[in-house]
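Chains as they are written, first to last, in the numbering used here: chain G, 1 to 214; chain D, 1001 to 1214; chain S, 2001 to 2214; chain Y, 3001 to 3214.
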DNA sequence: GATGAATGAGATTTCATTCAT
DNA sequence: AATGAATGAAATCTCATTCAT
């Protein structure tokens, strides 16, 4: 299954949103791009207006402040990002029973790496905001936690029962898996997209070794 | 084992810098607090002056621009830190020969976790800036890479020769070790300092398992 | 005595104006409310539209500018009111011959107090505008002066002839009568509608005393 | 005794205020003039800056908003205006015992008329604000009420005891006196300064007649 | 006629930086 | 060295008015 880009999902969700006029959608699209490119604070409303091809006043007609633009972008995205991650696990859980630990790890990690590769610009916006906005962190954490409980952790239990996975606490196992993805994310964030294929096998070697039952 | 060498990087670097008057140090301390709390752009120079207990003009006596304050804060990270990291490994490498892989991992990882815990504010500011400023990363990466080559990688070679470590490429091994620290860092960044002792043994279990020779 | 002739000036003038659609009347009503509450400049057209339950564009269908709304609100004051005042005196002069000075004063003053009570919002808007716009005053003063000459002053003459009124110049007498009403007006403007009945007798005591012939 | 202009009193109080820099004083002086000339809402900060001979940013250094400028002007003035009125009565009460009612009325009314004549521009600013700001009304009313109790009403009592004044409630008597001044004020507000000498005797005739004991 | 999104001119406000004291 | 008022360029924001539907 192919991951959709968050930006594409965002564009789609904008298209379906009859609440917003075409110009207002253009404003949000342009804002997201500029925020991802330069960061929120370095982007000013005249840039947004220009990129969206509207007058500066138009920006403020629908969105009372610049912060409200950001909120209008992030609010639907938090849902979408978490959902994108969740849906995926859900599908795997019900459709496939992983034959080996490596199969499982591959499915999860490879998928995340692609996701990171394709969405790092949006992720940047999230991280830059989350660094100074606990509330955003709370929201993300909350949704994420719930998603993990209902998806990944169920699969982990199954793998442990089948003695394909070391018997450590779920959060711990998740943390180690996440560690490899996060390292990958950092490289992507700071150096641009990386070659997943070149990374994945070695990463799986490590995780498989570290997470196999004794 | 001497793990205390890397402690509060920023405070130390201030103390050692005899160049700076007390007021100038106060300015940097206040700036770091504010930058870490609100971000660089949302912090204005009058806030800095007020928190430091100096006049706004005084800020500009030593630091020609607001960016220069930022640079002065991040300087230890790009300068001394890499040196501190290097020194550390250097000492361990020459003074002690690690008896077990776990000893080695513990020395490196525990140390880094403490470092993260004690310097997360500088790191936070650095990351928030680096997200939209590749140049910052370049400098750090360059020095870091060099330091790794000349220090950690030599130790890895030694461990491999003694068959205490899996025979994978050095950068790969480093990456997995880094992964665990980075995950720890994320938690610290978004949720404040964490309990190293509570984490370290489980992390070592995982790394030891994943990095032992076949 | 028929004192009810001058009642709610603005409402009446709206009702009589068949030129205006229901929506247009709603616009004027809402505007008056808002102007009286917040002032003209602090009221924006979107508030008016919202309060009137119409679209912002609709406001501009009938009224070419925001100032034109104001003019439409103040129109009755400069047009009909003066007429109403005139008519009033006219009737009294020809229909009734006041038996006592007090009767005359009561008719005039009580009537004006009710008028003030019921139309203080329009008056408030008028005054707030007139304070920094002499032109507004000119128009009203002109018409008022003429109306006085042709009505009140004739009655005064009659009363003087019958030795019911002190023999002072008409404008002077008018000014003293007006003074009591203006004081009443001030209280209404700043503290909302007042109780006419509670005031009138004492006011008449004073005026009667001050304006009786020697 | 000569009334001092409020603007002069204001200028003096500014001079004594070491809190404010010269430019900041200039800003307040210019603001008051412009507000008196054009009204608050029609005055923009660039006009203020220009008239004060400062940069627009300077306006906002001390005063966070335009409203704060207005507040900075009105706050000290409310005190001064009321004090100007109060002090006056105080002096008369202790120094002079009025020989006749007319003497008393003359002292009070003539004084007020001159005050109105000289300060109508500032009064305009007060009224225009008070119309839409109950709080300002409250403050003024409160201080005024207190001042009346402690000054005018004492003199009224004395006059009544000496049977020089009709035995009506104090507020009522004040209201009638005020009525004549307010009427005068209205003419001044809307038509500019009036000739006090030409008015005063006739006004006194009326008041004396209306307020003499039976 | 009615709508409400769009406009753009202009107002308010911010703030890094300078500079006279 | 230290101060803090002053600056002005640029940002955010407001709103009367227009206009396509």
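Just so you know, even glycine gets a beta-carbon here, dropped at the ideal spot from N, CA and C.
Every value quoted in this text rests on a predicted model; they were computed, and no experiment measured them.
Taking the beta carbon of residue 2057 of chain S as reference, no residue of chain Y falls within 8 angstroms; the closest one sits roughly 25 angstroms away. For residue 210 of chain G, the uninterrupted alpha helix (DSSP H) run begins and ends at 196 to 211, by DSSP.
Counting C-beta pairs closer than 8 angstroms gives three or more between the region 2120 to 2137 of chain S and the region 2027 to 2042 of chain S, which meets the contact rule. When Cβ-Cβ separations below 8 angstroms define contact, residue 3137 of chain Y makes contact with chain S. Each of S:2147, S:2106, S:2074, S:2177 was checked against the Cα of residue 2201 of chain S, and the nearest Cα belongs to S:2106.
Within 10 angstroms of the beta-carbon of residue 183 of chain G lie 16 or more other beta-carbons, which makes it buried. Within its own chain, the residues whose Cβ lies closer than 8 angstroms to the Cβ of residue 76 of chain G, once the five positions on either side in sequence are excluded, are 10, 13, listed in chain order.
The shortest CA-to-CA distance from residue 2205 of chain S to any of S:2163, S:2187, S:2104 is the one to S:2104.
With a 10 Å radius around the Cβ and a threshold of 16 neighbouring Cβ atoms, residue 1099 of chain D comes out exposed. Judged by DSSP in its simplified three-state form, residue 3058 of chain Y adopts helix. Residue 3025 of chain Y and residue 3131 of chain Y have their C-alpha atoms roughly 27 angstroms apart. Chain G places no beta carbon closer than 8 angstroms to that of residue 1142 of chain D, leaving this residue out of the contacts. Nearest CB-CB separation between residue 3194 of chain Y and chain S: not below the 8 angstroms threshold.
Within a 10 Å sphere around the beta-carbon of residue 2049 of chain S sit 16 or more other beta-carbons, which makes this residue buried. For residue 172 of chain G, the chain D residues whose Cβ falls inside 7 angstroms of its Cβ are 1202, in order along the chain.
Any Cβ of chain S closer than 8 angstroms to the Cβ of residue 3021 of chain Y would place that residue at the interface, and such an atom is absent. Chain Y places a beta carbon closer than 8 angstroms to that of residue 2039 of chain S, counting this residue as a contact. Residue D:1213 holds the alpha-carbon nearest to the alpha-carbon of residue 1161 of chain D among D:1017, D:1042, D:1213. Scanning chain D for C-beta atoms nearer than 7 angstroms to the C-beta of residue 127 of chain G yields 1131, reported in chain order. For residue 2198 of chain S, the closest Cβ of chain Y is not nearer than 8 angstroms. Annotation for residue 189 of chain G: 120, 123, 124, 127 place their beta carbon closer than 8 angstroms to its own, counting only its chain and skipping 5 residues before and after. Non-local C-beta neighbours of residue 2207 of chain S in its own chain, meaning closer than 8 angstroms and more than five positions away in sequence, comprise 2105, 2109, 2176, 2177, 2180, ordered along the chain. Residue 1070 of chain D is a Cβ neighbour of residue 1129 of chain D, given a cutoff of 8 angstroms. Cβ contact annotation for residue 145 of chain G (same chain, cutoff 6 angstroms, sequence separation greater than five): none. CA-to-CA, the gap between residue 3084 of chain Y and residue 3111 of chain Y works out to about 11 angstroms. Chain S has a Cβ within less than 8 angstroms of the Cβ of residue 3209 of chain Y. Of all alpha-carbon atoms in S:2167, S:2164, S:2163, S:2172, the one lying nearest the alpha-carbon of residue 2148 of chain S is that of S:2172. In this structure, residue 1170 of chain D and residue 1156 of chain D form a Cβ contact; the two beta carbons are roughly 5 angstroms apart against a cut-off of 8 angstroms. Put simply, of Y:3040, Y:3031, Y:3062 the residue whose alpha carbon is nearest the alpha carbon of residue 3051 of chain Y is Y:3031.
Within chain D, the residues whose beta carbon sits less than 7 angstroms from that of residue 183 of chain G are 1175, 1178, 1179, 1182, listed in sequence order. Scanning G:53, G:54, G:78 for the CA closest to the CA of residue 6 of chain G turns up G:78. Residue 2063 of chain S and residue 1068 of chain D have their C-alpha atoms roughly 57 angstroms apart. In this structure residue 45 of chain G touches residue 59 of chain G by the C-beta definition: roughly 5 angstroms separates them, less than 8 angstroms. Non-local beta-carbon contacts of residue 1210 of chain D in its own chain, meaning distances under 7 angstroms to residues more than five positions away in sequence, involve 1176 in chain order. Secondary structure of residue 2041 of chain S (DSSP, three-state): coil.
The DSSP-derived three-state label of residue 2139 of chain S is helix.
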